[in-house]
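Position 124 of the sequence shown, counting from 1, maps to 124 under UniProt numbering, and the rest follow consecutively. In this text, a Cβ means the ideal position worked out from N, Cα and C, and glycines have one as well. Note sheet for the following structure.
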Amino acid sequence: MNLHPGRPSDPVSCHLTLADLNTSLEYNALSYEWKINNGFTNIACGGTSLKATHNLVAALLSLRRFDRPMVFWIDAVCINQKDQEEKSKQIPLMHDIYAKAKSVLVWLGPSFRGVKAAFDVLPYLAMVGVERHTTEKPDTEKLEDILSSNIKERPKQGSIIQRQDDLGFATHDRDSILTHTIKRHPELDDDIIFRFDDHETWAAIDRLFSDSYFQRSWIIQEVAVAEAVYVFCGSHSIHWDIFQMAFEGRSKMIFQPQKGLQSYIPCVRDARTRYRDYESARRLDLGIVLTSFSYSKATNPRDCVYAALGIVKPRSLCRDIVPDYTKEVKDVFYEAACHIILLRKDLYLWSSKTLMSRRATPKLPSWVPELTMAPCEEAIEFATLEFSRCLSCNPFIDGKYLFVDGHLLDEIDTIYPIKDPKDVLELSVRLEEWLKNRDKTMFSAYYGDPQNLTGQTIPCSAASSDRLREEIKSEVSQLLSRFRDVPPIIASILRNLALKPRHSDESIQLNIEALWSALTAVFYRRTKLPKPVGYHLFLAALYILPRLALRRVNVPKGLPKGFNEWIMAAIILYYEKELIPIFIEHFRTYDEFTGMVMEDRFFVTKKGFFGCAPAEAVKQGQIVAIIGGAYVPYVLEKCEGYYKLVAHAYVEGIIRMKSLPAGWKLDRIEIR
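This is how it looks when you write it as structure tokens:
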């Protein structure tokens with residue numbers, strides 16, 4: 001499209017020309033959001049009238065020059081959107097169109113209040129982002145690291161920006177290398193640089209980062225393959241590299257109020273990183289590429305697949321998928337799933353979109369992810385390549401049926417809903433009743449402990465015995481130093497506990513430890529926080545407090561890991577009202593992720609595995625399985641001769657497994 005020059009008050013005028021991508025064209029490609037709900041207007045195009053959205057017209061008015069024409073490629077103008085056959089032919093060219101453009105121009109809409117000041121602050125936020133960006137890995141592959149470098153409060157002295165010199169970096173467009181310099185201005189105070197008290201500026205910053213443009217499926221490809229990208233809002237512009245690092249810096253400043261900041265920039269950034277810089281960029285299959293589209297939205301659900309094809313490398317990997325907008329959505333998703341599973345020989349594509357209870361696409365096999373579904377982050381929280389290699393997948397697809405190798409771990413026996421943190425106290429009592437019926441207690445060895453599963457008890461050498469003793473001594477020392485008003489009798493109990501010899505069976509995880517580990521696994525995985533002081537004392541309190549309330553204080557003798565002493569200390573501290581600070585500290589941690597826990601149900605299998613699965617999906621009688629090539633355990637619904645995929649699951653002990661124990665049965669599982 002040739003955009004004619006014009007003054008600000010002149011209407012938009014253009015004409016179209018045919019072009020060959022194999023020639024040396026010089027053009028810019030526009031990446032924007034249609035915003036059809038805002039209405040349409042007409043523009044003059046080659047002697048005729050062309051229908052265009054108000055947002056597109058605003059972009060053309062802002063970007064055009066007054067002294068010379070500009071050449072653009074714009075999807076709404078250059079593709080007949082009403083012709084499905086033409087769309088199917090043009091879609092495969094989208095990669096080359098955006099990759100061969102001199103620059104891709106991202107349009108975030110007309111200017112609004114605070115934008116000018118916001119663009120002044122963005123380079124400084126980019127400096128913070130560069131300093132706080134701890135790894136080159138895309139964030140979707142390091143969820144546990146997201147909180148690692150947050151700035152919780154402003155430094156009392158000095159600047160948030162640690163460097164004193166200017167920040168220089170090089171980029172390039174299609175034809176030349178470009179150098180950029182961000183001036184540091186160390187003589188200026190942070191309040192001047194960042195305008196922390198200017199609410200209008202920060203509202204504008206957050207509005208830019210939260211723009212609905214970043215939710216579009218197609219923009220991920222458009223930005224990922226581009227040689228150079230510039231972000232425009234009205235007459236203001238900034239290079240993409242500075243913009244995305246500014247977002248990184250903004251996201252780290254958690255001390256600065258973030259009102260409604262929910263951005264999808266990481267998805268776009270990660271796709272560009274994978275495609276251009278990431279070490280695996282030589283091979284990006286469709287399964288990997290689709291992870292960048294987890295949060296994107298498409299007017300046409302088929303674009304969830306077709307928009308991703310242009311980022312696949314080498315492109316021959318997806319040659320068997322040809323865009324066809326006449327196909328039903330379920331068939332497009334099915335075709336993509338078959339392609340990915342048979343190419344990768346694993347179940348990587350299940351990731352965060354397998355929760356059956358959230359599906360809206362009818363007649364879709366349970367093993368085919370609904371790609372338009374909102375992602376469930378907990379599903380990939382513990383996903384590891386090592387776990388996926390416990391078993392080979394050996395997939396075979398027969399029509400709508402998927403056959404894979406796996407191990408049917410156990411049947412879910414009892415489910416315990418957790419609607420409030422106080423329910424955990426009741427869970428402690430109810431779980432022990434369940435264990436008692438099987439001749440076990442809360443202090444018995446947990447069934448899912450690797451030593452139990454393999455039958456190989458780790459011998460307790462003198463060195464390991466000393467290590468166990470040192471761990472207890474350290475915990476006792478921390479308690480006595482943290483809580484200086486501990487009654488003398490408690491101090492005596494704790495000191496004696498530290499001197500007790502340790503035994504070989506104390507390396508095995510106990511049921512009470514497995515319970516709390518399962519409930520808090522996601523929280524500690526995300527935050528990487530150490531357990532608060534007095535962990536064993538807390539577990540003793542977790543066990544004894546509900547029993548004191550029920551007047552069921554009958555503690556067995558000879559408990560492992562010194563739990564008799566820990567329980568005695570907990571009882572005395574409870575009546576002395578000294579236990580509360582210790583107990584509250586652990587439960588305060590628990591409160592921080594209560595909302596997360598509410599989404600899950602704690603379950604126990606018939607053999608005694610502990611785990612958590614989505615509350616909306618998990619039911620008694622379902623089967624927990626280790627499926628070949630799957631990155632986490634899954635819950636299956638047993639039907640007549642086959643299974644249906646229900647949801648992901650966390651299973652204490654199993655989640656860290658790297659190989660299947662000898663003697664475990666290998667099953668051929670049919671999933672429909």
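Ranked by Cα distance from residue 237, the first of 262, 373, 412, 103 is 103.
The shortest C-alpha to C-alpha distance from residue 488 to any of 572, 622, 217 is the one to 572. Taken through DSSP and simplified to helix, strand or coil, residue 438 comes out as coil. Cβ-Cβ distances below 7 angstroms link residue 38 to 53, 54, 55 in the same chain, with the five nearest sequence neighbours on each side left out; the list follows chain order. Non-local C-beta neighbours of residue 221 in its own chain, meaning closer than 6 angstroms and more than five positions away in sequence, comprise 307, 310, 311, ordered along the chain.
Collapsing the DSSP output to three states places residue 253 in a strand. The shortest C-alpha to C-alpha distance from residue 615 to any of 603, 623, 89, 625 is the one to 603. In this structure, the straight-line span from the alpha carbon of residue 19 to that of residue 95 is close to 16 angstroms. Shown here for residue 50: same chain residues with a beta carbon closer than 6 angstroms to its own, the five before and five after excluded, namely 43 in chain order.
Residue range 511–527 is occupied by the alpha helix (DSSP H) that includes residue 511.
Check the Cα spacing between residue 357 and each of 348, 347, 369, 346: the tightest is with 369. Bounds of the alpha helix (DSSP H) holding residue 202 are 199–209. Look at the beta carbons and you see the segment 620–640 touching the segment 651–659: at least three pairs across the two are nearer than 8 angstroms. Residue 635 counts as buried, since at least 16 other C-beta atoms from the protein chains shown sit within 10 angstroms of its C-beta. The segment 381–398 makes no contact with the segment 430–439; the number of CB pairs closer than 8 angstroms stays below 3.
In the DSSP assignment, residue 568 falls within the unbroken alpha helix (DSSP H) covering 563–575. In this structure, the CA atom of residue 514 is about 11 angstroms from the CA atom of residue 539.
Contact check for residue 671 against residue 645 passes: the beta carbons are separated by less than 8 angstroms. Contact between the segment 208–219 and the segment 293–304 is present, with at least three C-beta pairs closer than 8 angstroms. Beta bridge pairing from DSSP links residue 48 with 45. Residue 201 sits buried, since 16 or more C-beta atoms from the chains shown fall within 10 Å of its C-beta.
Taking 8 angstroms as the cut-off, the Cβ atoms of residue 473 and residue 562 do not count as close.
Restricting attention to 454, 317, 121, the CA atom closest to the CA of residue 192 is found in 121. Distance from the CA atom of residue 335 to the CA atom of residue 640, rounded to whole angstroms, is 26 angstroms. Residue 252 and residue 282 do not touch by the CB rule: their CB atoms are close to 31 angstroms apart, not below 8 angstroms.
Around the C-beta of residue 91, 16 or more other C-beta atoms lie within 10 Å, and the residue is accordingly described as buried. Contact check for residue 22 against residue 105 fails: the beta carbons are separated by 8 angstroms or more. In the DSSP assignment, residue 273 falls within the alpha helix (DSSP H) that extends over 265–276. Inclusion of residue 286 and residue 340 in the CB contact set at 8 angstroms is warranted, their separation being smaller than that value. When only Cα atoms are considered, residue 618 and residue 178 end up about 55 angstroms apart. Taken through DSSP and simplified to helix, strand or coil, residue 373 comes out as coil. Secondary structure of residue 452 (DSSP, three-state): helix.
In the DSSP assignment, residue 107 falls outside any alpha helix (DSSP H) and lies within the beta strand (DSSP E) extending over 103–107. Per the coordinates, the alpha-carbon of residue 413 lies some 9 angstroms from the alpha-carbon of residue 607.
Secondary structure of residue 37 (DSSP, three-state): helix. Around the Cβ of residue 17, a 10 Å sphere holds fewer than 16 other Cβ atoms; the residue is exposed.
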